[in-house]
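Participant: What follows is a single structure, and I will ask about it in a moment.
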Amino acid sequence: MKILVVCGAGASSTFVAQRLTRAATAHGLFWSAAAGTESAVGAIDHDAVLIGPHLRDRLDGIRSVTEAPVTALPDDIFDDRDGERTLAIVRTLLADHRTTSEGRS
Numbered sequence: 013m014k015i016l017v018v019c020g021a022g023a024s025s026t027f028v029a030q031r032l033t034r035a036a037t038a039h040g041l042f043w044s045a046a047a048g049t050e051s052a053v054g055a056i057d058h059d060a061v062l063i064g065p066h067l068r069d070r071l072d073g074i075r076s077v078t079e080a081p082v083t084a085l086p087d088d089i090f091d092d093r094d095g096e097r098t099l100a101i102v103r104t105l106l107a108d109h110r111t112t113s114e115g116r117s
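Below is the structure:
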């Protein structure tokens, strides 16, 4: 599972991505999270995209350039020091996407 964490310059998203990877590993999940900028969304193959809260107004545009599920992170996500909350967000995003995709079949 590859997850892209997007922010304006890629700096704050690096912390979120590292914490998410550690939390996933602690749960026995072989997930990798990487930080990137908005321009990376259409250029990189990934299974989910998390965007920083400050990019929430660009959510629809980001969704339009990828088939992966996309969600905006909450304003206080940078307080998630162990990555557990971010991991829960990704799990919910993926479950919701699966349910929606199955409904379209």
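For the sequence shown, the numbering used here assigns the number 13 to the initial residue and increments by one for each residue that follows. Heads up, the beta-carbon is just placed ideally off N, CA and C, and yes, glycines get one too. On a predicted model such as this, the values are computed, not experimentally measured, just so you know.
Under three-state DSSP, which class holds Thr49?
Facilitator: Looking at Thr49 - three-state DSSP - the assignment turns out to be coil, as it is neither helix nor strand.
Participant: From the DSSP secondary-structure annotation, give me the bridge partner or partners of Thr83.
Facilitator: Note: Thr83 sits in a beta bridge opposite Leu62.
Participant: At the level of alpha carbons, what is the spacing between Arg68 and Leu16?
Facilitator: Taking the straight line from one Cα to the other gives about 15 Å.
Participant: Could you give the distance in angstroms between the alpha-carbon of Lys14 and the alpha-carbon of Asp91?
Facilitator: Distance between the alpha carbons of Lys14 and Asp91 is about 22 Å.
Participant: Tell me Ile15's beta-bridge partners as DSSP assigns them.
Facilitator: The partner list for Ile15 (beta bridge, DSSP) reads Ala45 and Ala60.
Participant: By the three-class DSSP mapping on this structure, what secondary structure does Ala179 have?
Facilitator: An answer regarding residue 179 cannot be provided, because it is not within the stretch 13 to 117 covered by the chain.
Participant: Look up Val102 in the DSSP assignment and say whether it is helix, strand or coil.
Facilitator: Val102: helix per DSSP, three-state reduction.
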